[in-house]
Every structure is written in structure tokens, then in C-alpha cells.
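See below for the structure under consideration.
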Amino acid sequence: MNKYFIMSKNPLFKEKKDKEDRKGHAVNKKSVIIAAVVVPFIVAAIAVAGYIISRTPKPLQKVSVAQSENGDYQLLLGGRPYFIKGVCYIPTPIGKGYDYDVWTDSNEPWLTDGKLMKDMGINTVRFYFHTKNAESGRKVIRTFYELYGIRSALGHYLDFWKYPPPNYARPEIRARIKEEVIQMVKDYKDEPGVLFWILGNENNYSFDRNVNPWTTDEIEAIENPRAKREAKARIYYTFVNDLAKAIKEIDPNHPVVMGNGELASIETARELCADIDILGGIVYTGRTFGTFWKRLKRNFGKPAVMIEYGCDRYDGYNKKEDEDHQALFLQMLCQEIVDNSAGKKGEGNSLGGFIFEWNDEWWKYDEQRTAGWKRHDAKGSWANSAYYYDAKIGTNMNEEWWGIVGLTTEGGGAINKRVPKKAYYILKKFWRK
-19 MNKYFIMSKN PLFKEKKDKE DRKGHAVNKK SVIIAAVVVP FIVAAIAVAG
31 YIISRTPKPL QKVSVAQSEN GDYQLLLGGR PYFIKGVCYI PTPIGKGYDY
81 DVWTDSNEPW LTDGKLMKDM GINTVRFYFH TKNAESGRKV IRTFYELYGI
131 RSALGHYLDF WKYPPPNYAR PEIRARIKEE VIQMVKDYKD EPGVLFWILG
181 NENNYSFDRN VNPWTTDEIE AIENPRAKRE AKARIYYTFV NDLAKAIKEI
231 DPNHPVVMGN GELASIETAR ELCADIDILG GIVYTGRTFG TFWKRLKRNF
281 GKPAVMIEYG CDRYDGYNKK EDEDHQALFL QMLCQEIVDN SAGKKGEGNS
331 LGGFIFEWND EWWKYDEQRT AGWKRHDAKG SWANSAYYYD AKIGTNMNEE
381 WWGIVGLTTE GGGAINKRVP KKAYYILKKF WRK
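Those letters in the sequence shown? Residues -19 to 413, per the numbering used here, in order.
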């Protein structure tokens, strides 16, 4: 500071400095003009070309499950209650099918979807599977979190939909799946946008409903059908608990959720799954969950998050799109989820839920026929009388119409144009009130 002061008082230096100042002033004026012209273009280019997320994640907040003195449960994030207002997220574009991989989609649909979700009040998305390209996966999760404040539930199917289906009685199958699950946790456990881990989906249907069944010679020798089912359940739930225990050894900061179709075999799970924190319910029983929350408290004794629930948007009986019933059913279901949360009038064991699903998927009616992936089929795939408005036709459940956001080929953008449906706006009002 003193050196600069002395030099500035020197007449020779002052004359030189005055010339430089005049020159600098002209340069600065030019710089201001250039900046005024160029900077908006740079900003616009950034807005068009991409977005900025941090290279290093923000500080991690511990996620935990707490039970109050009155027996009610809450999910805590950094010690504060966090109620899940979520959607299942599989943004399959029109013309793509079961092999679509959101994690490597260069069109980045989560930028459009994330804004719509935030505006609606959604705070969590469910991913059914992860990617082994952890860098790509972390980018998507971090973008959802940093740009929109939306957290991610990350899952592993436990190979349920692979062919041939997994035989959970075989040690080598269990070992391979366990290795994949542990790698998933290692890859993503330090991301602050991760809320918890989900193990499986409706895997219990492999013994409760004979979907993707498996067995052993010893099990087949059991004559009593109920005892045979119980033997399979014990193998499966023991395996899932083993996974949960292994996860907690390397990640004490995120709860473990076990996906389960309804409450089938739940008493066996209660006995064997001490390390599972939350039940992930998959329930399609129309506009009400019925006695689910009461039976959950009695037969499992832990809280639940609905990891799948919803209503399709097509009336097969009248052969037309039906936004009204979807909106009505979802509003009633969301109200039940809230009513059974801590401090409300219900059972106090609800932590929130994920609506199935965010957007329609046009490939699901005939998944092997790729030509049909560009057509929005209105044919039903299975029957459910709880959706009474079109139950008369039998196969009334339309797999391609579950989204609260529709897709259209109009517009010609990089991604299909999003068309929010009535349920979107009804739930936006419900969740943001």
C-alpha cells in the first residue's frame, strides 16, 4: 500500500499513469460495450445448452425413521419431518420400450419434468432401477435435487423381471444380486439427493400369486400348498433382510424399504425382516386402501410408504379417455395416505407415497411388438373390479394410460410434449395447500 502511494506522487509516474488511465478508460468503455452485447448471448447459450450443478455434492443429511411415544411414525430428514409426495418416474418416450434407459438419455427429460413436478408440489421421485454408470446416475439425481429440490428413491428389482426368473433358493443367485445391491449403495450413498433404498417390487408374488415362480425339490415335496408357500416366503424374506443388514454396514444414513405386493405373507416378513425399516406397499384397490393401514400395524408393526398406487385414465366400457375418475381416485387415495400419517386421525404409520406414474408409457400393451410402441393402445391387459367404472368389460386395466401427465408427438421438440391431466392440477392444489 505504501509503495503504491509513493509512486503515485512521483511527477514522472503521474504523467505516465494519466496517459494509461485515459487509455484504460477508453478500453474500459469498449469492454463495457462488448460485455453488454456479449454477456446476454453467453447467458442465453448457457440456458439453451445446459445447466450447472455442483461437481461435489452438498452436505449429507441423515434420513431416519422415528417413532413417537404414542406409536406414530415419521420419516426424518436431518432431524425434521419429511412426508413423501412422490411419483414413479419412467419417462419412456413415444416409440421406445422396455429397454429405455433414462440415465443415458441425452435429451435430459428430467429438466422439463422436474420443473413441472416442482410446480405441482412433488418432493420425491422413485427410480425402479439404477445405472452401473454411476457418473450418469449421480448427474440425474443431483440435477433433480439441486435444481428442483426433489429427492430420489433408488431401487433394485432383485432380478424379479429377468428371464429366466431368479430362484432365490440358489446361493449363487443370491450372491450375485447382493453384490449388485451393495455396489449400488456404494455408488450413490454419498449423494444428498438420495432419500432411501428400495429392495424389490412385487417379488412376493413369485410365491403368493405364482408370478415368475421358483422352487426347489425340497419345497415341491411339501404337500400342503400353504406350507409350500410359507417355505418360499421364508427363503425370500431371509434374503431381503440379509441385504438390508449388509446395506446398513456401509450406509447408516439411509433407511431400507422392502417392496411388497399388498400385505401378502407379511406375518412371515415381520418375523424375518428385523433390519427392514419401512414396508413399500404396492396396492391397487380402487379409490381406497381399505384396511391396509390397520392390518399393517397389527401384522407388521412398522411404517409404510406406498411405492405404487394409482388409477388408469381410460374408460374401457365407454371407450374414451377418463380424466375425471383418475383425478377423483387419486385425490381420495392421497387423502387416506395423509390421514394415516403421524398426528392424524388414522393409524399413524403412513410416510407418504409414490403415484404410479408420472407419464404415460405407450409400449406396455404388447411390449414385444415394437411397431405398437408408437401407438397409444386402449386395450385392457388385466382385470380389477375395484375400478368399477369400466369393470363390466373384464380386462379393464389399461397399462398405457396411468400417467398424470400425457405425451404427444405434437411440437417436434427433443422430448415429447408433456400434457398435464386433471389429476395433476387436483393434486397440485391438494399438495400445495
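The beta-carbon is built from N, C-alpha and C at its ideal position, and this holds for glycine as well.
- In its chain, beyond the 5 residues on either side, L243 have a beta carbon closer than 7 Å to the beta carbon of R275.
- Counting C-beta atoms within 10 angstroms of its own C-beta, G332 has 16 or more neighbours from the protein chains shown and is therefore classed as buried.
- Nearest in C-alpha terms to G383, of all of L310, G328, N147, V318, is L310.
- Within the region 174 to 256, the beta strand (DSSP E) runs of at least 3 residues that lie entirely inside it are, in chain order, 174 to 179, 236 to 241.
- Collapsing the DSSP output to three states places T265 in coil.
- The three-state secondary structure of K397, taken from DSSP, is strand.
- By the neighbour-count criterion, in which a residue is buried when 16 or more other Cβ atoms sit within 10 angstroms of its Cβ, T72 is buried.
- Shown here for G59: not one same chain residue has a beta carbon closer than 6 Å to its own, the five before and five after excluded.
- When secondary structure is reduced to three states using DSSP, T104 falls in the strand class.
- D257 is classed as buried because its beta carbon has at least 16 other beta carbons within 10 Å across all chains shown.
- Excluding its 5 nearest sequence neighbours in each direction, I246 has C-beta neighbours in its own chain below 6 Å: N279, F280, listed in chain order.
- Approximately 6 Å separates the beta-carbon atoms of R118 and E171; this is inside 8 Å, confirming the contact.
- Fewer than three pairs of CB atoms, one per stretch, sit closer than 8 Å, so the region 38 to 55 makes no contact with the region 299 to 317.
- Here W362 is exposed: its Cβ has fewer than 16 other Cβ atoms, across all protein chains shown, within 10 Å.
- When beta bridges are read from the DSSP output, S48 appears opposite no residue.
- Rounded to whole angstroms, D139 and G239 show a C-alpha spacing of 13 Å.
- Looking at the DSSP output, K65 sits in a beta bridge with G333.
- Residue state for H136 is assigned as strand, using DSSP reduced to three classes.
- For T84, the closest of L91, Y69, V120 by C-alpha to C-alpha distance is V120.
- DSSP places M377 in no alpha helix (DSSP H); its state is neither H nor E.
- In this structure, T248 places its C-beta atom within 8 Å of the C-beta atom of Y217.
- The Cβ-Cβ distance between G173 and R131 falls below 8 Å.
- Put simply, the region 82 to 98 touches the region 381 to 395. At least three CB pairs are less than 8 Å apart.
- Around I230, the same chain offers I162, V165, K166, K169 as residues with beta carbons nearer than 8 Å, after the five sequence neighbours per side are excluded.
- Under a 10 Å Cβ-count criterion, P61 is classified as exposed, with fewer than 16 other Cβ atoms of the shown protein chains found around its own Cβ.
- Fewer than three pairs of CB atoms, one per stretch, sit closer than 8 Å, so the region 291 to 306 makes no contact with the region 341 to 350.
- Annotation: Y108 to W353 spans about 21 Å, alpha carbon to alpha carbon.
- Here T123 is buried: its Cβ has 16 or more other Cβ atoms, across all protein chains shown, within 10 Å.
- In the three-state reduction of the DSSP assignment, I406 falls in the helix class.
- By the neighbour-count criterion, in which 16 or more other beta carbons inside 10 Å mark a residue as buried, T271 falls on the exposed side.
- In the DSSP assignment, I74 falls outside any alpha helix (DSSP H) and carries neither an H nor an E.
- Here the alpha carbon of D81 sits roughly 25 Å from the alpha carbon of M377.
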